[in-house]
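Participant: Here you go, one structure.
In the numbering used here, the protein residues as written are 54 to 330.
Now the structure itself:
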(Lines of atoms letter the chains of each structure in order from A and count residues from 1; the text may use other names and numbers.)
(Lines give C-alpha, C1' and ligand atoms only; values in the text may rest on other atoms or scores of the structure.)
Protein backbone atom coordinates (compact mmCIF):
# COMPACT_ATOMS: atom_id res chain seq x y z
CA UNK A 1 0.00 0.00 0.00
CA UNK A 2 1.34 3.42 -0.92
CA UNK A 3 1.66 5.69 2.09
CA UNK A 4 0.42 9.25 2.30
CA UNK A 5 3.91 10.64 1.84
CA UNK A 6 4.28 8.72 -1.42
CA UNK A 7 0.98 9.73 -2.97
CA UNK A 8 1.46 11.04 -6.46
CA UNK A 9 -0.44 13.60 -8.47
CA UNK A 10 -1.08 12.69 -12.07
CA UNK A 11 -3.18 14.08 -14.87
CA UNK A 12 -4.80 11.46 -17.05
CA UNK A 13 -6.68 11.72 -20.31
CA UNK A 14 -8.32 8.57 -21.63
CA UNK A 15 -7.32 7.08 -24.92
CA UNK A 16 -9.83 6.88 -27.72
CA UNK A 17 -11.51 3.47 -27.77
CA UNK A 18 -11.02 1.21 -30.77
CA UNK A 19 -13.17 1.84 -33.82
CA UNK A 20 -12.56 -1.00 -36.28
CA UNK A 21 -14.25 -4.20 -35.20
CA UNK A 22 -11.91 -6.36 -37.30
CA UNK A 23 -8.86 -4.99 -35.48
CA UNK A 24 -10.37 -5.17 -32.01
CA UNK A 25 -7.81 -7.65 -30.70
CA UNK A 26 -4.92 -5.48 -31.95
CA UNK A 27 -6.15 -2.39 -30.18
CA UNK A 28 -6.83 -4.38 -27.04
CA UNK A 29 -3.17 -5.31 -26.98
CA UNK A 30 -2.11 -1.69 -27.46
CA UNK A 31 -4.50 0.09 -25.12
CA UNK A 32 -4.45 -2.38 -22.25
CA UNK A 33 -1.47 -0.83 -20.50
CA UNK A 34 -2.06 2.86 -20.88
CA UNK A 35 0.74 2.93 -23.42
CA UNK A 36 1.59 6.35 -24.81
CA UNK A 37 -0.09 5.65 -28.13
CA UNK A 38 -3.35 7.19 -29.28
CA UNK A 39 -5.38 7.80 -32.39
CA UNK A 40 -6.04 11.32 -31.20
CA UNK A 41 -4.22 13.94 -29.33
CA UNK A 42 -0.68 15.06 -29.62
CA UNK A 43 0.73 18.53 -29.17
CA UNK A 44 4.26 19.78 -29.23
CA UNK A 45 4.21 20.62 -25.55
CA UNK A 46 2.84 18.68 -22.61
CA UNK A 47 0.32 20.35 -20.34
CA UNK A 48 1.20 20.67 -16.69
CA UNK A 49 -0.59 18.33 -14.29
CA UNK A 50 -3.54 19.92 -12.57
CA UNK A 51 -4.28 20.00 -8.90
CA UNK A 52 -8.06 19.85 -8.27
CA UNK A 53 -9.20 16.97 -6.10
CA UNK A 54 -10.55 13.81 -7.69
CA UNK A 55 -13.52 14.16 -5.37
CA UNK A 56 -14.73 17.06 -7.50
CA UNK A 57 -15.75 14.66 -10.28
CA UNK A 58 -19.49 14.60 -10.87
CA UNK A 59 -21.79 11.70 -11.66
CA UNK A 60 -21.51 10.25 -15.15
CA UNK A 61 -23.44 12.02 -17.89
CA UNK A 62 -23.42 11.88 -21.66
CA UNK A 63 -22.75 15.61 -21.96
CA UNK A 64 -19.49 17.20 -23.01
CA UNK A 65 -17.36 18.24 -20.04
CA UNK A 66 -14.01 19.97 -19.57
CA UNK A 67 -11.01 17.66 -19.45
CA UNK A 68 -10.46 16.97 -15.73
CA UNK A 69 -7.11 17.39 -14.05
CA UNK A 70 -7.53 15.76 -10.63
CA UNK A 71 -5.00 14.66 -8.08
CA UNK A 72 -4.70 10.91 -7.67
CA UNK A 73 -3.83 9.21 -4.40
CA UNK A 74 -2.19 5.83 -4.57
CA UNK A 75 -4.26 3.09 -2.93
CA UNK A 76 -3.99 -0.37 -4.47
CA UNK A 77 -0.55 -1.95 -4.37
CA UNK A 78 1.16 -3.68 -7.29
CA UNK A 79 -0.35 -7.06 -8.15
CA UNK A 80 1.95 -9.66 -9.79
CA UNK A 81 0.77 -11.26 -13.03
CA UNK A 82 -0.37 -14.63 -11.60
CA UNK A 83 -2.57 -12.98 -8.97
CA UNK A 84 -3.81 -10.40 -11.47
CA UNK A 85 -4.85 -13.16 -13.87
CA UNK A 86 -6.62 -15.00 -11.06
CA UNK A 87 -8.60 -11.91 -10.11
CA UNK A 88 -9.60 -11.20 -13.69
CA UNK A 89 -10.63 -14.82 -14.19
CA UNK A 90 -12.95 -14.51 -11.18
CA UNK A 91 -14.58 -11.41 -12.65
CA UNK A 92 -14.81 -12.96 -16.12
CA UNK A 93 -16.85 -15.82 -14.65
CA UNK A 94 -19.57 -13.29 -13.81
CA UNK A 95 -19.78 -12.19 -17.46
CA UNK A 96 -21.55 -14.71 -19.66
CA UNK A 97 -19.70 -15.42 -22.89
CA UNK A 98 -16.64 -13.39 -21.96
CA UNK A 99 -13.10 -14.30 -22.99
CA UNK A 100 -10.00 -13.61 -20.90
CA UNK A 101 -6.60 -12.91 -22.46
CA UNK A 102 -3.54 -13.16 -20.25
CA UNK A 103 -0.37 -11.09 -20.19
CA UNK A 104 1.72 -13.42 -22.34
CA UNK A 105 -0.91 -13.69 -25.06
CA UNK A 106 -1.39 -9.94 -25.23
CA UNK A 107 2.34 -9.38 -25.52
CA UNK A 108 2.54 -11.90 -28.34
CA UNK A 109 0.10 -9.72 -30.29
CA UNK A 110 2.25 -6.59 -30.04
CA UNK A 111 4.25 -7.06 -33.29
CA UNK A 112 1.01 -7.25 -35.29
CA UNK A 113 -0.36 -4.26 -33.39
CA UNK A 114 2.75 -2.22 -34.14
CA UNK A 115 2.50 -3.11 -37.83
CA UNK A 116 -1.14 -2.10 -37.95
CA UNK A 117 -0.57 1.17 -36.11
CA UNK A 118 2.25 2.07 -38.50
CA UNK A 119 -0.03 1.55 -41.48
CA UNK A 120 -3.00 3.70 -40.52
CA UNK A 121 -3.57 7.21 -41.86
CA UNK A 122 -4.82 9.87 -39.47
CA UNK A 123 -6.06 13.33 -40.50
CA UNK A 124 -4.98 15.77 -39.10
CA UNK A 125 -1.62 14.00 -39.08
CA UNK A 126 -0.62 15.67 -35.81
CA UNK A 127 -3.43 13.74 -34.14
CA UNK A 128 -1.80 10.40 -34.86
CA UNK A 129 0.66 8.28 -32.94
CA UNK A 130 2.92 9.84 -30.37
CA UNK A 131 5.13 8.92 -27.48
CA UNK A 132 8.81 8.12 -27.04
CA UNK A 133 10.35 4.71 -27.36
CA UNK A 134 8.65 1.65 -28.75
CA UNK A 135 5.68 -0.28 -27.46
CA UNK A 136 7.78 -3.10 -26.10
CA UNK A 137 9.77 -0.74 -23.87
CA UNK A 138 6.59 0.75 -22.43
CA UNK A 139 4.88 -2.60 -22.02
CA UNK A 140 7.85 -3.73 -19.95
CA UNK A 141 6.71 -1.34 -17.21
CA UNK A 142 3.68 -3.39 -16.17
CA UNK A 143 1.74 -6.64 -16.36
CA UNK A 144 -1.75 -6.88 -17.77
CA UNK A 145 -4.88 -8.88 -18.37
CA UNK A 146 -7.93 -8.30 -20.55
CA UNK A 147 -11.50 -9.55 -20.77
CA UNK A 148 -13.58 -9.25 -23.94
CA UNK A 149 -17.31 -9.33 -23.29
CA UNK A 150 -19.67 -11.33 -25.50
CA UNK A 151 -20.41 -9.86 -28.92
CA UNK A 152 -23.95 -8.70 -28.18
CA UNK A 153 -22.71 -6.81 -25.12
CA UNK A 154 -19.95 -5.05 -27.03
CA UNK A 155 -17.27 -4.15 -24.54
CA UNK A 156 -13.89 -4.91 -23.04
CA UNK A 157 -12.14 -4.48 -19.73
CA UNK A 158 -8.37 -4.27 -19.46
CA UNK A 159 -6.20 -3.90 -16.40
CA UNK A 160 -2.54 -2.99 -15.96
CA UNK A 161 -0.50 -3.38 -12.77
CA UNK A 162 2.68 -1.31 -12.37
CA UNK A 163 5.41 -2.33 -9.89
CA UNK A 164 6.80 1.21 -10.07
CA UNK A 165 4.20 3.92 -9.52
CA UNK A 166 6.43 6.39 -11.34
CA UNK A 167 6.17 4.26 -14.48
CA UNK A 168 2.39 4.46 -14.33
CA UNK A 169 2.63 8.22 -13.92
CA UNK A 170 4.97 8.41 -16.91
CA UNK A 171 2.63 6.36 -19.10
CA UNK A 172 -0.52 8.27 -18.29
CA UNK A 173 1.23 11.64 -18.35
CA UNK A 174 2.03 11.00 -22.01
CA UNK A 175 -1.71 11.16 -22.66
CA UNK A 176 -1.72 14.83 -21.65
CA UNK A 177 -0.87 15.67 -25.25
CA UNK A 178 -4.54 15.77 -26.07
CA UNK A 179 -5.30 18.89 -28.09
CA UNK A 180 -8.79 20.24 -28.49
CA UNK A 181 -8.10 20.51 -32.21
CA UNK A 182 -7.98 16.71 -32.30
CA UNK A 183 -11.47 16.25 -30.91
CA UNK A 184 -12.47 15.55 -34.52
CA UNK A 185 -10.37 13.36 -36.77
CA UNK A 186 -10.49 10.71 -39.47
CA UNK A 187 -8.76 7.35 -39.74
CA UNK A 188 -8.17 5.21 -42.82
CA UNK A 189 -7.10 1.59 -42.44
CA UNK A 190 -7.47 -1.58 -44.51
CA UNK A 191 -9.61 0.23 -47.06
CA UNK A 192 -11.99 1.56 -44.43
CA UNK A 193 -12.34 5.25 -43.65
CA UNK A 194 -14.11 6.68 -40.64
CA UNK A 195 -14.70 10.08 -39.14
CA UNK A 196 -14.73 10.33 -35.37
CA UNK A 197 -15.61 12.85 -32.70
CA UNK A 198 -14.56 12.42 -29.09
CA UNK A 199 -16.40 14.12 -26.22
CA UNK A 200 -15.29 14.10 -22.60
CA UNK A 201 -17.68 12.67 -20.00
CA UNK A 202 -18.05 13.41 -16.32
CA UNK A 203 -17.67 10.07 -14.57
CA UNK A 204 -17.33 8.86 -11.01
CA UNK A 205 -16.14 5.43 -9.90
CA UNK A 206 -14.81 3.88 -6.70
CA UNK A 207 -11.28 4.76 -7.83
CA UNK A 208 -9.57 7.94 -6.58
CA UNK A 209 -9.62 9.15 -10.18
CA UNK A 210 -11.61 8.29 -13.26
CA UNK A 211 -12.27 9.92 -16.59
CA UNK A 212 -14.40 8.99 -19.56
CA UNK A 213 -15.00 9.62 -23.23
CA UNK A 214 -17.81 9.17 -25.71
CA UNK A 215 -16.53 8.52 -29.22
CA UNK A 216 -18.94 8.85 -32.15
CA UNK A 217 -17.81 7.35 -35.46
CA UNK A 218 -19.20 7.65 -38.97
CA UNK A 219 -18.41 4.78 -41.34
CA UNK A 220 -20.17 4.39 -44.71
CA UNK A 221 -23.09 6.44 -43.47
CA UNK A 222 -23.47 4.38 -40.32
CA UNK A 223 -22.99 5.97 -36.91
CA UNK A 224 -21.81 4.16 -33.82
CA UNK A 225 -20.85 5.29 -30.34
CA UNK A 226 -18.60 3.84 -27.69
CA UNK A 227 -18.02 4.82 -24.08
CA UNK A 228 -14.63 4.35 -22.45
CA UNK A 229 -13.87 4.80 -18.74
CA UNK A 230 -10.34 4.79 -17.40
CA UNK A 231 -9.79 4.53 -13.64
CA UNK A 232 -6.56 4.86 -11.66
CA UNK A 233 -6.16 3.42 -8.16
CA UNK A 234 -2.63 3.25 -6.81
CA UNK A 235 -0.52 0.98 -9.01
CA UNK A 236 -3.56 -0.18 -11.00
CA UNK A 237 -5.08 1.19 -14.21
CA UNK A 238 -8.44 -0.15 -15.38
CA UNK A 239 -10.10 0.66 -18.70
CA UNK A 240 -13.67 -0.40 -19.48
CA UNK A 241 -15.44 0.14 -22.80
CA UNK A 242 -19.05 -0.36 -23.84
CA UNK A 243 -20.78 0.21 -27.14
CA UNK A 244 -23.63 2.71 -26.81
CA UNK A 245 -26.29 1.26 -29.10
CA UNK A 246 -29.08 3.68 -28.21
CA UNK A 247 -28.37 5.21 -24.82
CA UNK A 248 -24.88 6.53 -23.96
CA UNK A 249 -25.92 7.00 -20.34
CA UNK A 250 -26.72 3.30 -20.05
CA UNK A 251 -23.31 2.46 -21.53
CA UNK A 252 -21.64 4.75 -18.99
CA UNK A 253 -23.48 3.02 -16.16
CA UNK A 254 -22.50 -0.41 -17.47
CA UNK A 255 -18.82 0.50 -17.90
CA UNK A 256 -18.78 2.13 -14.47
CA UNK A 257 -20.27 -1.00 -12.94
CA UNK A 258 -17.56 -3.09 -14.62
CA UNK A 259 -14.80 -0.88 -13.21
CA UNK A 260 -16.31 -0.84 -9.73
CA UNK A 261 -16.81 -4.61 -9.64
CA UNK A 262 -13.16 -5.21 -10.48
CA UNK A 263 -11.99 -2.59 -7.98
CA UNK A 264 -14.03 -4.22 -5.21
CA UNK A 265 -12.60 -7.61 -6.11
CA UNK A 266 -9.02 -6.29 -6.05
CA UNK A 267 -9.53 -4.44 -2.77
CA UNK A 268 -11.01 -7.54 -1.15
CA UNK A 269 -8.03 -9.55 -2.35
CA UNK A 270 -5.60 -7.00 -0.92
CA UNK A 271 -7.45 -6.84 2.40
CA UNK A 272 -7.28 -10.62 2.75
CA UNK A 273 -3.58 -10.60 1.95
CA UNK A 274 -2.77 -7.88 4.49
CA UNK A 275 -1.92 -9.26 7.97
CA UNK A 276 -4.14 -7.99 10.77
CA UNK A 277 -2.49 -5.68 13.27
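Beta carbons: idealized from backbone N, C-alpha and C, even for Gly.
Which residue marks the beginning of the alpha helix (DSSP H) containing residue 140, and which one marks its end?
Facilitator: Element bounds for residue 140: 134–145.
Participant: Using the DSSP secondary-structure output, state which residues sit across from residue 271 in a beta bridge.
Facilitator: In the DSSP secondary-structure assignment, residue 271 is bridged to 248 and 276.
Participant: Taking residue 209 as part of the beta strand (DSSP E), name the residues at either end of that continuous run.
Facilitator: Per DSSP, residue 209 belongs to the beta strand (DSSP E) from 208–214.
Participant: One question on the structure: do residue 221 and residue 290 come within less than 8 Å of each other, judged by their Cβ atoms?
Facilitator: yes
Participant: Hey, is residue 265's beta-carbon within less than 8 Å of any beta-carbon in chain D?
Facilitator: Of the protein chains in the structure, only one exists, and it is not chain D.
Participant: Could you spell out the range, first to last residue, of the alpha helix (DSSP H) harbouring residue 201?
Facilitator: Unbroken run through residue 201 is the beta strand (DSSP E), 196–201; no alpha helix (DSSP H).
Participant: Is the beta carbon of residue 192 closer than 8 Å to that of residue 163?
Facilitator: yes
Participant: Applying the criterion that 16 or more other CB atoms from any shown protein chain within 10 Å of the CB defines a buried residue, is residue 147 buried or exposed?
Facilitator: exposed
Participant: Quick check on the DSSP output: the beta strand (DSSP E) that includes residue 205 runs from which residue to which?
Facilitator: Run containing residue 205: none; DSSP gives neither H nor E here.
Participant: If you run the structure through DSSP and keep just helix, strand and coil, what is residue 10?
Facilitator: Limits of the chain in this structure are 54 at one end and 330 at the other, which puts residue 10 out of reach.
Participant: Applying the 10 Å Cβ sphere with the 16-neighbour rule, what's the burial state of residue 257?
Facilitator: Label assigned to residue 257: buried.
Participant: Give the secondary structure of residue 236 by DSSP, where H, G and I count as helix, E and B as strand, and everything else as coil.
Facilitator: coil
Participant: Do you know whose CA, among 265, 316 and 301, lies nearest residue 286's CA?
Facilitator: 316
Participant: Just tell me which of 211, 246 and 215 has its CA closest to the CA of residue 281.
Facilitator: Residue 281 has its Cα closest to that of 211, out of 211, 246 and 215.
Participant: Apart from the five residues on each side of it in sequence, which residues of its chain come closer than 8 Å, Cβ to Cβ, to residue 156?
Facilitator: Cβ neighbours of residue 156 beyond the five flanking positions: 134, 137, 138, 196, 197 and 198.
Participant: Taking Cβ positions, are residue 207 and residue 296 nearer each other than 8 Å?
Facilitator: Cβ distance < 8 Å, so residue 207 and residue 296 count as in contact.
Participant: Residue range of the beta strand (DSSP E) that residue 293 falls in?
Facilitator: Per DSSP, the continuous beta strand (DSSP E) segment holding residue 293 begins and ends at 289–296.
Participant: Under 8 Å between the Cβ atoms of residue 264 and residue 249?
Facilitator: Not closer than 8 Å, so no.
Participant: Taking only three categories from DSSP, how would you classify residue 256?
Facilitator: DSSP places residue 256 in coil when its eight states are reduced to three.
Participant: For the alpha helix (DSSP H) that residue 158 lies in, which residues bound it at each end?
Facilitator: 156–161
Participant: Would you give the residue range spanned by the alpha helix (DSSP H) that residue 317 belongs to?
Facilitator: 301–326
Participant: How should residue 128 be labelled, buried or exposed, when 16 other C-beta atoms within 10 angstroms of its C-beta is the threshold for buried?
Facilitator: buried
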